[in-house]
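Student: Just so you know, the sequence shown maps onto residues 95 to 301 in the numbering used here.
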Amino acid sequence: PFIEDEKLEIPHLWNKPSKAHKSAAEIVDSALAILLSTTGWTVHKKVAGLGPSSEKRDEDAREEPNVMLVMRKRAETILSLSFEQYLDDENVVSEEHRDFSETVQEVAGRAAADLRTLFPREWQNSVHFILREVALVDDSHLIGGYARYLKAQEKRLRETEGKEDANPWIARNLLLPITRALCANWASGNRREAGLVLAHITQSGSE
């Protein structure tokens with residue numbers, strides 16, 4: 095929010111019709127889906143074409159631009175910007191702004207899980223240089239971004255606990271993405287991330 099005359103005011107951007115902000119969030123969703131789809135096909139093609147590892151192959155791989163790495167970094171940039179849309183309870187914003195923020199972060203959470211699954215951390219130990227180079231080893235910004243959003247959704251998650259008429263999809267939609275990425279990187283994964291998910295699954299409320 096902007097400060098004018100010691101009063102908090104909502105930026106005029108968010109006074110526009112709510113459909114505009116909903117459309118913007120949907121565009122982010124579609125853009126990430128397209129980027130991850132093309133990245134997935136590229137990874138599949140490159141991995142399927144890998145032959146036996148050798149020093150000559152590694153030297154050639156070092157000299158050529160790694161398309162997978164470029165695509166991964168572009169996706170990371172968009173995801174980081176999406177998680178930066180986070181708003182805490184102290185932010186004085188319009189309902190449309192908050193809806194946009196939550197939608198974009200939820201979308202980013204799903205996409206981040208896909209990205210971490212496409213480039214598992216264990217590839218850092220691969221015999222192939224090209225896989226070692228693209229392994230998503232430093233994924234703390236993706237984990238932290240979604241974990242922060244997940245904590246902000248505690249109320250929604252708690253509302254599903256112990257109620258027969260509760261909508262189970264609330265918990266599933268929020269927990270499945272981070273759980274999927276956690277399973278794909280379990281051997282060298284983030285234990286605190288596992289604790290966060292387990293706390294919600296067991297409804298203990300404690301990591």
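Using N, Cα and C, we set each Cβ at its ideal position, and we do this for glycine too.
Cβ of Leu290 within 8 angstroms of Cβ of Leu244?
Tutor: Yes.
Student: If you follow the alpha helix (DSSP H) that Val198 is part of, which residue opens it and which one closes it?
Tutor: 189–212 is the extent of the alpha helix (DSSP H) around Val198.
Student: Can you give me the start and stop residues for the alpha helix (DSSP H) that Trp217 sits inside?
Tutor: Counting along the chain, Trp217 falls outside any alpha helix (DSSP H), and DSSP gives it neither H nor E.
Student: Report yes or no: do the segment 208–218 and the segment 174–181 share at least 3 C-beta pairs separated by less than 8 angstroms?
Tutor: The segment 208–218 is not in contact with the segment 174–181.
Student: Tell me whether Asp208 is buried or exposed, calling it buried when 16 or more other Cβ atoms sit within 10 Å of its Cβ.
Tutor: Asp208 is buried by the Cβ-count criterion.
Student: Pull up the distance between the alpha-carbon of Ser117 and that of Thr171, whole angstroms please.
Tutor: Looking at the two C-alpha atoms, the distance is approximately 21 angstroms.
Student: So the alpha helix (DSSP H) Glu120 belongs to, where does it begin and stop?
Tutor: Residues 112–142.
Student: What is the residue span of the alpha helix (DSSP H) that Glu227 lies within?
Tutor: Start and end: 223–228.
Student: Tell me whether Pro159 sits in a helix, a strand or coil according to DSSP, three-state version.
Tutor: The answer is coil: DSSP assigns Pro159 none of H, G, I, E or B.
Student: In terms of residue numbering, what span does the alpha helix (DSSP H) encompassing Leu181 cover?
Tutor: Unbroken run through Leu181: none, as it is neither H nor E.
Student: Quick check on His235: buried or exposed, where buried means 16 or more other Cβ atoms within 10 Å of its Cβ?
Tutor: Per the 10 Å Cβ criterion, exposed.
Student: From what residue to what residue does the alpha helix (DSSP H) around Ser282 run?
Tutor: Unbroken run through Ser282: none, as it is neither H nor E.
Student: In chain order, what residues of the same chain lie with their CB nearer than 6 angstroms to the CB of Pro271, ignoring the 5 residues before and after it?
Tutor: The answer, listed in chain order, is Gly203, Arg204, Ala207.
Student: Distance check for Leu268 and Ile97, CA to CA, integer angstroms please.
Tutor: Note on Ile97: pLDDT 40, under 50, position unreliable in the model; the coordinate value appears next. The alpha-carbon atoms of Ile97 and Leu268 are separated by roughly 34 angstroms.
Student: With 16 as the cutoff for other CB atoms within 10 Å, does Gly145 come out buried or exposed?
Tutor: It counts as exposed.
Student: Taking Gln191 as the reference, give the member of Trp280, Ala281, Lys113 with the closest Cα.
Tutor: Position check: residue 191 holds His in this sequence, whereas Gln was assumed. Closest by alpha carbon: Lys113.
Student: Answer yes or no: do Gln179 and Val201 have a C-beta to C-beta separation smaller than 8 angstroms?
Tutor: Result no, Cβ atoms of Gln179 and Val201 do not sit closer than 8 angstroms.
Student: Quick check on DSSP: helix, strand or coil for Val164?
Tutor: Three-state DSSP puts Val164 in a helix.
Student: Let me know the secondary structure DSSP gives Leu102 once reduced to three states.
Tutor: The predicted position of Leu102 is uncertain, since its pLDDT is 48 and thus under 50; no value can be drawn from it.
Student: Whole angstroms are fine: how far does the CA of Asn160 sit from the CA of Thr87?
Tutor: Outside the shown range of the chain (95 to 301) lies residue 87, about which nothing can therefore be said.
Student: Does Arg156 pass the burial test, meaning 16 or more other C-beta atoms within 10 Å, or should it be called exposed?
Tutor: With fewer than 16 Cβ atoms within 10 Å of its Cβ, Arg156 is classed as exposed.
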